[in-house]
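Residue numbers (the UniProt record's numbering): 1 to 152.
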């Protein structure tokens with residue numbers, strides 16, 4: 001439901017469209033991840049809200065970045081928000097940072113293994129966060145609205 005809509009929007013944001021190249025599957029997997037985090041109300045790790053925008057309402061991206069930061073990926077996550085180069089992250093690092101149940105849920109929803117889901121998230125998340133934060137910080141509002149604004 002929400003994950004499918006997010007997947008389509010994120011796939012378009014990443015330039016994946018309908019061609020099987022990168023953005024389409026990555027968008028689907030990121031959509032499932034963000035949809036799962038929204039459905040959990042941010043309880044999958046962002047509930048303590050170190051950053052004031054962690055997993056609030058319809059925008060779970062802050063909570064996801066908070067989870068990554070607390071898992072030792074602060075440099076990478078910060079590089080995606082900034083205006084410089086995006087530091088890479090590995091599928092193993094993503095798998096370590098996300099709750100197992102969340103990653104398994106994403107894998108089940110998208111028909112891939114948990115490892116493949118983690119690898120796709122690692123590949124797609126830096127570009128998605130970078131495009132969603134052109135000013136160097138996460139904009140406020142619902143994730144769907146933010147994505148639609150960036151696609152224009």
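For every residue, glycine included, the Cβ atom is placed at its ideal position computed from N, Cα and C.
Same chain, Cβ closer than 8 Å to residue i, five either side skipped, listed in chain order
| i | result |
| --- | --- |
| residue 88 | 76, 122, 126 |
| residue 74 | 68 |
| residue 133 | 80, 81, 139 |
| residue 150 | 13, 131, 132, 134 |
| residue 92 | 118 |
Sequence-distant residues of its chain with Cβ nearer than 6 Å to residue i (five each side left out)
| i | result |
| --- | --- |
| residue 28 | 7, 110 |
| residue 38 | 60 |
| residue 141 | none |
| residue 148 | none |
| residue 100 | none |
| residue 65 | 77 |
Nearest to residue i (by Cα), restricted to the options the options
| i | options | result |
| --- | --- | --- |
| residue 80 | 124, 10, 11 | 124 |
| residue 90 | 65, 84, 120, 135 | 120 |
| residue 85 | 26, 136, 104, 25 | 136 |
Where the alpha helix (DSSP H) through residue i begins and ends
| i | result |
| --- | --- |
| residue 130 | 114-132 |
| residue 91 | 91-97 |
| residue 100 | 100-110 |
| residue 81 | 74-81 |
Nearest-angstrom Cβ-Cβ length linking residue i and residue j, presumed shorter than 8 Å
| i | j | result |
| --- | --- | --- |
| residue 95 | residue 115 | 7 Å |
Neighbourhood of residue i by C-beta distance below 7 Å, restricted to the same chain and skipping five residues each side
| i | result |
| --- | --- |
| residue 106 | 29, 32, 33, 36, 117 |
| residue 128 | 10, 13, 14, 30 |
| residue 25 | 120 |
| residue 113 | 107 |
| residue 103 | 95, 114, 117, 118 |
| residue 165 | The requested residue 165 does not occur in the structure, where the chain is confined to residues 1 to 152. |
| residue 83 | 136 |
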